[in-house]
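For the sequence shown, my numbering begins at 70 and goes up steadily by one.
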Amino acid sequence: MKATTKTYKNKAVSTIKKGTEKAINAASTGAKIVANNPVKATYVIGGILGFYLLYKVITKTTDKVDSLLEGDPNIDNKISGTGSGSVKNATITNAEALNLANQLLDAMNVKQPLYGTDEETIEKVFTKIKNADDFLKVYHAFGLKDYNGNNSPPTGIWSNVDSYKKQDLVYWLRSEIGNGFFASASEIRAYNKIKPLVQLAGFVF
């Protein structure tokens, strides 16, 4: 057993020696080539550095293009909250509040053909919101969603040319539903349905 171990040791040492000698010889040969052909060596080294720098530039450019095409990955246009707050008198469940919040967001994001609001759907949603605590559940389920002044901002490359800010449900409703001179009959009906409940919940509308 000892003889075998010694044999393995000798082989290992021999292998390391040979490898070291090869490395030294290669380094020596490389040094001689550089010394004998400094101009060529400079061209070769310069070419290698050039290719490396070009690779880095292309990689960074590709990353920037990919990022531009993907747009803002942080746009929040999905309902994911749940009802919370002082809601002891609520007549709807958290699941129902989440569903109603989704319906409201979809109604305010409707395209007609570019921007628009589905006032009839909003009015129907508010027939299911019976009191202030119901509205608070829907309000908290809605959370803060990115709003560009008309609806949710576009995703992808177009988000790079849009401006938007996170706003709560009351802000969205105030912006989408009005009772001014140019308001449609369906918009005025929805406004009159929304305003009392929103105010009872403690918000200005």
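A virtual CB, placed ideally from N, CA and C, is assigned to each residue, including glycine.
Item to check | Pair within 7 Å by beta-carbon distance, isoleucine 144 and aspartate 215 | outcome: For this step, residue 144 is matched to residue 75 along the sequence shown. For this step, residue 215 is matched to residue 146 along the sequence shown. Cβ atoms of isoleucine 144 and aspartate 215: closer than 7 Å.
So lysine 206 and alanine 164 are in contact, right, with Cβ under 8 Å, and what is the actual spacing, rounded? On the sequence shown, residue 206 is found 137 positions in, with the first residue counted as 1. On the sequence shown, residue 164 is found 95 positions in, with the first residue counted as 1. Their Cβ separation, rounded to whole angstroms, is 10 Å, which puts lysine 206 and alanine 164 out of contact at 8 Å.
> By Cβ distance, which residues of its chain are closer than 8 Å to lysine 169, with the 5 residues on each side in sequence left out?
Replying inline: Here residue 169 refers to the residue found at position 100 when the sequence shown is read from its first residue. A small fix is needed here, since residue 169 is leucine in this sequence, not lysine. For leucine 169, where only same-chain residues beyond five positions count, the Cβ hits under 8 Å are Ile161, Val194, Lys197, Ile198, Val207, Ala210.
- [ ] For asparagine 105, collect the residues of the same chain with a Cβ closer than 8 Å to its Cβ; drop the 5 residues on either side in sequence, then sort them by chain order.
- [x] One-based indexing of the sequence shown puts residue 105 at position 36. Counting only Cβ-Cβ distances below 8 Å, and skipping sequence neighbours, we find nothing.
query: Hey, out of Val179, Lys235, Gly212, whose CA is closest to alanine 166's CA?
result: Position 97 of the sequence shown, counting from 1, holds the residue named residue 166. Of the candidates Val179, Lys235, Gly212, the one whose C-alpha sits nearest the C-alpha of alanine 166 is Gly212.
- Which partner residues of lysine 235 appear in the DSSP bridge assignment? Stepping through the sequence shown from its first residue, residue 235 is reached at position 166. According to DSSP, lysine 235 bridges with Asp215.
Review point. What are the boundary residues of the alpha helix (DSSP H) that includes glutamine 172?
Key: Stepping through the sequence shown from its first residue, residue 172 is reached at position 103. Its alpha helix (DSSP H) spans residues 163-177.
Quick one: measure Cβ to Cβ for lysine 264 and aspartate 202, integer angstroms, because I've assumed they're closer than 8 Å.
Looking up residue 264 in the sequence shown gives position 195. Looking up residue 202 in the sequence shown gives position 133. Lysine 264 to aspartate 202, Cβ: 17 Å. No contact.
Please classify leucine 269 as buried or exposed, where buried requires at least 16 other C-beta atoms within 10 Å of its C-beta. By one-based count along the sequence shown, residue 269 stands at place 200. Looking at its Cβ environment, which holds fewer than 16 other Cβ atoms inside 10 Å, leucine 269 is exposed.
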